[in-house]
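I have placed the structure first, in the form of structure tokens, so that the comments after it can refer back to it.
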Ligand code: PMP
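Numbering (the UniProt record's numbering), first residue to last: 576 to 1008.
Below you can see the structure in the form of structure tokens.
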């Protein structure tokens, strides 16, 4: 093997020579040497069920994607200043999934880059930097995206809220100030406050609004109905632009739609795609309208050394092939419903489960110490994750209080895997009780 180091040695080695602000999952660290479908295999040959990796959308090392990537890598990989048919063809396929006139695509290498570009397009069109985000949002790791990510800048090591940024109340229908599935309009009304603040600063309320269509790091929160419609109406009434970040929830994961924003019945001005589009290969994209694309083409070129290269494009096509041929959107809907029904059954026995929510294979289970006060129970969530880890199930937590079990596995996760996850979670919750 080319990698004989045991896990403890790699951990020590990393600590010496790799950037220091990077964590490693689980108390007992894992050295993973192989991936297959929903399974990750460690250096001892033990397999672990992957219930959280939404990047490897069509499954780890899917043979169709691997073959397409290898074939293209052996043929040609270069930048986009030569003509190559795979790029516009992939743009066509992506545009065909979008509503309205979202038809112009730019390919980049990461969700961060895609959000950076989306912000630049919107800000160029508006002629100002003013931006509204949701509290607790995360949109990327660069300077410009951390600046608009309360999840980062409000925490340890962060900085004060930038003056061009307004932070809207996080529309969490379980824990937030407005409760219930029909709380969307009440949360959307908070945009009036944000846009008034923009107007006080700049003379008018035009701003860029950016939000995930379902919130990932916010704790797997399904936005209450009517939220994005109410927000988009307000933003557009003041001349603003709406960006949907589909990096986590796009490409059929939510089951009943291909894109998360479709659950809210809105059409964004710009859509940001990432993670699943390349199944682990660095690929992301920005989709916008011809009008906004024209306004961004103002003389300054946007060039990206790697974005849109033929290998990335071959991967993007292959991922879409698998989503279609294996009917992964329909599968996500069915498996997600089976999972959520199972968690709701567990909630009848285990009072620590305060809320079960989700759409398709984007699921959150919120753990609380008290159902009345909804006191977050991060320790319980951490223990469940640890017990599952030892039993061969890889899971994770999220949310402002770190008390939400997040489930967003590769989309090839089926009924057998769902039942296994539920059975093991039942064991973990039993150990907790
Ligand atoms: N947006 C969202 C919603 C994300 O979850 C992430 C990554 N966690 C990003 C953007 C940034 O993507 P990347 O890590 O590919 O730069």
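Backbone N, C-alpha and C fix where the C-beta goes; we use that ideal spot for every residue, glycine too.
Predicted, not measured: the structure shown is a model, and the values here were computed from it.
Query: Just how far apart, CA to CA, sit residue 976 and residue 718?; Result: 25 Å
Query: Could you give the distance in angstroms between the alpha-carbon of residue 881 and the alpha-carbon of residue 843?; Result: 26 Å
Query: Taking the beta carbon of residue 851 as the centre, do at least 16 other beta carbons fall within 10 Å, making it buried, or is it exposed?; Result: buried
Query: Grab me the residues of residue 959's own chain with a C-beta within less than 8 Å of its C-beta, minus the 5 sequence neighbours each way, in chain order.; Result: 942, 970, 980, 1000, 1003, 1004, 1007
Query: Taking 7 Å as the cut-off, is the beta-carbon of residue 628 closer than that to any non-hydrogen atom of the ligand PMP?; Result: no
Query: Using a Cβ-based criterion (distance less than 7 Å to any ligand heavy atom), does residue 874 qualify as near the ligand PMP?; Result: no
Query: Nearest by alpha-carbon distance to residue 712: which of 867, 953, 790 is it?; Result: 790
Query: Are the segment 689 to 698 and the segment 912 to 923 touching, with three or more C-beta to C-beta distances below 8 Å?; Result: no
Query: Expressed to the nearest angstrom, what Euclidean distance is found between the alpha-carbon atoms of residue 604 and residue 759?; Result: 41 Å
Query: Considering only residues of the same chain and omitting the five flanking positions on each side of residue 550, which have a CB-CB separation below 8 Å?; Result: The structure shown has nothing for residue 550, since the chain only spans 576 to 1008.
Query: Just how far apart, CA to CA, sit residue 576 and residue 974?; Result: Because the pLDDT at residue 576 is just 49, under 50, the model does not fix this residue reliably, and the point stays unresolved.
Query: Using three-state DSSP, classify residue 839 as helix, strand or coil.; Result: helix
Query: Considering only the beta carbon of each residue, do residue 873 and residue 744 sit closer than 8 Å?; Result: no
Query: Determine the direct distance from the alpha carbon of residue 750 to that of residue 704, and round the result to whole angstroms.; Result: 31 Å
Query: Once DSSP output is grouped into helix, strand and coil, what is the label at residue 696?; Result: helix
Query: Can you tell me whether residue 853 is helix, strand or coil according to DSSP?; Result: helix
Query: May I ask you to list the residues that DSSP assigns as paired with residue 790?; Result: 796
Query: One question on the structure: do residue 788 and residue 935 come within less than 8 Å of each other, judged by their Cβ atoms?; Result: no
Query: Do you know how far the Cα of residue 864 is from the Cα of residue 677?; Result: 5 Å
Query: Would you decide whether residue 716 is buried or exposed? Buried here means 16 or more other CB atoms lie within 10 Å of its CB.; Result: exposed
Query: At which residue ranges does the segment 694 to 773 contain complete alpha helix (DSSP H) runs of 4 or more residues, listed in the order of the chain?; Result: 718 to 721, 725 to 728, 759 to 763
Query: Going by the CB atoms, is the gap between residue 875 and residue 661 shorter than 8 Å?; Result: no
Query: So, are the CB atoms of residue 856 and residue 890 less than 8 Å apart?; Result: yes
Query: Rounded to whole angstroms, what is the Cα-Cα separation between residue 728 and residue 735?; Result: 7 Å
Query: Taking 8 Å as the threshold (C-beta atoms), are residue 985 and residue 612 in contact?; Result: yes
Query: By DSSP, does residue 579 sit in helix, in strand, or in coil?; Result: coil
Query: Specify the secondary structure class of residue 686 as computed by DSSP and reduced to three states.; Result: helix
Query: Looking only at its chain, what residues have a beta carbon closer than 8 Å to the beta carbon of residue 644, apart from the 5 residues adjacent to it on each side?; Result: 856, 886, 889, 890, 893
Query: Pair every Cβ in the segment 792 to 805 with every Cβ in the segment 904 to 916, then say whether three or more of these pairs are closer than 8 Å.; Result: no
Query: I'd like the ranges of any alpha helix (DSSP H) spanning at least 4 consecutive residues and lying wholly in the segment 615 to 664.; Result: 638 to 650
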